[in-house]
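Protein chains in written order, with the working numbering: chain A, 11 to 185; chain B, 627 to 753.
Idealized CB from N, CA, C, for every residue including glycine.
As the structure is a computational prediction, the values presented were derived from the model and not from experiment.
Remarks on the structure that follows.
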C-alpha cells in the first residue's frame, strides 16, 4: 500500500492505529499523556522512516507496538537518572484514555481503579506483557516479537504479573 | 431470614479466569485523534521527500542532458536524419494525408514538452 510513498495511506494507518499505540504508551508511562504522545509521535515517524523494513510477517499494529516499546525503553533508559519511573502514578491517571464518557456502576469504577492501580505497580515488562496479551489480544508469540524477548520470558512475565495482581486485588470484594 | 453464605473457598482456576476476564475488559478505551494524525503528517521527515526530489531532479537532468547531447553531437546530421525519417514515415502511410511529416514532428515535440513538464512538475511537487 505504501510502496510509492503514499503519504495519504500512511495518514490513514496513523489514524487507524493511533489509539492503540497511544493507549499502550500511556499505560507504560503510567498515565503521562504528554510523554506518551511524544513517544507515539516518535513511533510513527520511525515507522515511516523504516517502512521498507516491514515485510508483513506480523500485523502492522504488532510491528508498531514493537517500535513503541523500544522507544519507551530507550527513553526510560535515558531519563532514568533524572525521572523516577515507578511508584508515582496517580490512580486517576493510571487508566489510559480518560476520554471515555461511558458511565459505569460504582463497583465497576472501583474495580477499574483498583485494577489500574494494581497494573501500575507491575514492572514495565510485566505491564507490557499483560497489556499486549489481554488488552490487545496478541498471542504470547506475537507479544514476544513486540517485546523482543524469548517466548518463555513473556510467559514468565504474564504468570508473574497475574500472581502479583491476584495478590494486589485479593482485598477487593464487590459490594 | 437467611444467613449470608460464607465465601466460597478460593479456586485458583476460577480466580485466574476472573482475572483474565477483568484484564481483557480493561483494554484502554478509544483515544480520540484530536489532531494527533495531523501533527504526525506535518512532521514527517523530509528524508523521503528529499530522496524523491533527488530522483525527479536526476530524471529531469538526464532528459535535458540527453536532448542536449543529441543536438550537440548529432548536429545537422541528426536533423537531416529526423527529416528523412519523417519523410519515410509520411511516404509509408497509406493515407494521403498532407503534412503528415509535420504532424509527426509536432507530435514528437509535444511529447518532449510534456515529458519535460511532467518531470518539472514532479520536481516542484517534492520541494
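At a C-beta separation below 8 Å, residue 156/A has no neighbours in chain B, since its nearest C-beta there lies roughly 16 Å away. Going by C-alpha positions, residue 693/B is about 22 Å away from residue 713/B. In the structure shown, the three-state DSSP call for residue 692/B is helix. By the criterion of a C-beta distance shorter than 7 Å, residue 128/A is surrounded in its chain by 175, 178, 179, once the five residues flanking it on both sides are discounted.
Interface annotation for the region 640 to 663 of chain B against chain A: 641, 642, 645, 646, 648, 649, 650, 652, 653, 654, 655, 656, 657, 658, 659, 662, 663, criterion Cβ-Cβ distance under 8 Å.
Across the structure, residue 668/B and residue 17/A are spaced so that their CA atoms are roughly 11 Å apart. Residues 143 of the same chain have their beta carbon placed closer than 8 Å to that of residue 149/A, with the five preceding and five following residues left out of the count.
Around the beta carbon of residue 656/B, a 10 Å sphere encloses fewer than 16 other beta carbons of the protein chains shown; the residue is thus reported as exposed. Around the C-beta of residue 671/B, fewer than 16 other C-beta atoms lie within 10 Å, and the residue is accordingly described as exposed. Around the C-beta of residue 36/A, 16 or more other C-beta atoms lie within 10 Å, and the residue is accordingly described as buried.
With a cutoff of 9 Å on beta-carbon distance, residue 652/B and residue 126/A are scored as near each other.
Shown here, residue 162/A sits in a helix according to DSSP, grouped into three states.
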